[in-house]
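Numbering (the working numbering), first residue to last: 799 to 1256.
For each residue, glycine too, the CB sits at the ideal point set by N, CA and C.
Okay, structure first, notes after.
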Amino acid sequence: MSGLKLHNTLSRTKESFVPLVPNHVRLYVCGPTVYDRAHIGNARPVIVFDVLVRLLRGLYPRVTYVRNITDVDDKINAKAKASGRPIGDITEETTKLFHEDMKALGALPPDIEPRATAHIPQMIGMIESLIGQGHAYEAEGHVLFAVPSMPDYGKLSGRSRDEMIAGARVEVAPYKKDPADFVLWKPSSPDQPGWESPWGRGRPGWHIECSAMSREYLGESFDIHGGGQDLIFPHHENEIAQSECCNHAPFARFWLHNGFLKVEGEKMSKSIGNILSVHELLGEAPGEAIRFAVLSAHYRQPLDWTDEGLKAAKVGLDRLYRALEAAPDARPAPEAPLSVRAALMDDLNTPLAISHLHELAGLLNKATDTDDKNRLAGALLASGALMGLLGANPLQWKTGAGEAGADKGDQEIQALIQQRQEAKKAKNFKEADRIRDELKAQGVLLEDSPAGTSWRRA
RNA sequence: GGCGCGGUGGCGGAGUGGUUACGCAGCGGUCUGCAAAACCGCGUACGCCGGUUCAAUUCCGGCCCGUGCCUCCA
């Protein structure tokens, strides 16, 4: 009993988390479809579940974190057709860029990152089993899951089959026996990627890959399945249907879903043209500030992504790092303070945890004794680490060292600071202030102290 | 039409049946050549209307507004 509580979409309530196998937590998170660079909406689940995994690793001796790569999909096919590039090139490059972007956001890689195209035989095996058990049928080269064959279909999204049919937007393909049936396997034309199967050359439907790969690496029943809120229906609902009908075992026990984000008050969409890529944002702010901004709202709440919010995140981190400057030799404490752990264990309340970070920074700023400073800084560092924050060197943080293009000009800044020191020594304050204003106009802020003058970037 | 989520001080954003969230911004002060940073002080917020209660922002009901999903969008 760890005290961890998580909101389970299945029950729509917060539940105490206990792993199925003591001391081994198994979780699966839906990863990206690799057809385009990750946008900030893709980054939210990666960051949120990264915090969850960090927390779980501190609570349990063993954690297996699986996050898939979807590298067979009609959006990929469309992109290949439009660009004339081979599919393998597109998926490989996009995967590489995804890894780079997520690393820049401080997200640790998952333990296992299976690719859909490497698990086609497992998918075919599951589909055959479903057909054999009367849960699926072949029609015009397609294989469809027979939704009426599963009495409790709809338990995750909370909708009955009738309600779904009542939805006006359902387009019923002629080969479906029931309007709610969904595709497990579909035929490929010669120009589309395809694999030989008992039903001819074709490719998998969207949902079956997660059922097959989670079973491969985590077993029939495991602890946590996560993803964006939009995946609740149909993706996760259909995963449950496939897995439970095939395996006759409960699938994931806890379902976690992060809320959506908007951009400057508007829905992020291609038609509005306001899709913000992580890559683009990394040009405006450090990855850690982007991460901090994401964690500033609770993961289940909607998050309105704004330029102002990103700047505020940077300022918030500035304050925390500045506090750490007072204890340059501090090492992270073995464990984060109870206040921070308790906040995170209460369904990942990162905004509350961040408020405790600020409280620690305030105490650290007030501390005069070196031991107190080291102790508080150690607590702050351990707390930050739990959320993937505050891992940088405080002095490098303030000068923006390591960021693109940030290092050039450092020499000039030092030279101007030296000139100003001389002016100050000569009591020529007018000249000293002029230099300070000149640097300020370049986004360089000076701070005098008994130890000398230091500078930071705004 | 169906299912769901949300409306908190200037802004962001937690939380709670009665006592400070926290951060940013703002105002006053300490410090400083002046600043910056830091520290100290200052804000009587909880969509509307009813109900329950000694007491509701927090529970219940209704309403208004915003918003997400409803077959491949995280």
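Through-space distance from residue j to residue i, alpha-carbon basis
i	j	result
P977	K901	42 Å
T915	V945	26 Å
E911	R1218	54 Å
P988	G1071	33 Å
A1175	G904	20 Å
S1041	K953	14 Å
P972	E936	13 Å
V968	P919	Interpretation of V968 is limited by its pLDDT of 49, a score under 50 that renders its predicted location unreliable; no figure is taken from the coordinates.
P991	G1003	13 Å
I1038	H1005	10 Å
V864	A1111	29 Å
G1081	L1188	20 Å
L1108	Q1027	23 Å
N797	K873	Here the chain covers residues 799 to 1256 and nothing more, so residue 797 does not appear.
A1239	K1228	16 Å
With 16 other Cβ atoms within 10 Å as the buried cut-off, status of residue i
i	result
F943	buried
Q1194	exposed
G1186	buried
R842	buried
G965	With a pLDDT of only 45 at G965, under the threshold of 50, the placement of this residue in the model should not be trusted; the figure read from the coordinates follows. Per the 10 Å Cβ criterion, exposed.
P830	buried
S809	exposed
G930	exposed
N1226	exposed
V1113	exposed
G1207	exposed
Beta-carbon gap between residue i and residue j smaller than 9 Å
i	j	result
L906	A836	no
L1093	P1149	yes
S995	A1050	no
T1251	I1215	yes
K1171	D1116	no
I922	A934	no
H917	E1062	no
T892	W1053	no
R1129	A1159	no
H1046	V827	no
S800	L857	yes
I888	Y951	no
A1256	L1243	yes
K984	G1000	yes
L1162	A1190	no
A1177	A1140	no
L1221	I1233	According to the sequence as given, residue 1221 is Ala; it is not Leu. Against a cut-off of 9 Å, the Cβ pair of I1233 and A1221 comes out as a contact.
Whole-Å CB distance - residue i paired with residue j, under 8 Å assumed
i	j	result
F1090	L818	Contact flag wrong, Cβ pair sits at about 33 Å.
W770	G939	Given a span of 799 to 1256 for the chain in the structure shown, any question on residue 770 remains unanswerable.
E1035	S927	Actually they are not in contact, since the Cβ atoms of E1035 and S927 sit about 19 Å apart, beyond 8 Å.
G869	H1077	Looking at the sequence itself, residue 869 is Asp, so the reference to Gly does not match. Not really, about 20 Å apart at Cβ, beyond 8 Å.
L853	L1142	5 Å
L1079	I838	6 Å
Proximity test, residue i beta-carbon vs the ligand NAP heavy atom, cut-off 8 Å
i	result
G1071	Among the components of this structure there are no ligands whatsoever, and the ligand NAP is therefore not found.
request  = Could you say if the region 816 to 825 and the region 1058 to 1067 meet the contact criterion of at least three C-beta pairs nearer than 8 Å?
outcome  = no
ask   = Should the region 1130 to 1142 be regarded as contacting the region 1152 to 1160, the criterion being three or more beta carbon pairs within less than 8 Å?
value = yes
inquiry  = Using 8 Å as the cut-off, can you tell me whether the region 844 to 864 makes contact with the region 884 to 892, which would need three or more C-beta pairs spanning the two stretches below that distance?
reply    = no
inquiry  = Closer than 8 Å is the cut-off here; do at least three beta carbon pairs connect the region 1177 to 1184 with the region 1079 to 1089?
reply    = No, the region 1177 to 1184 is not in contact with the region 1079 to 1089.
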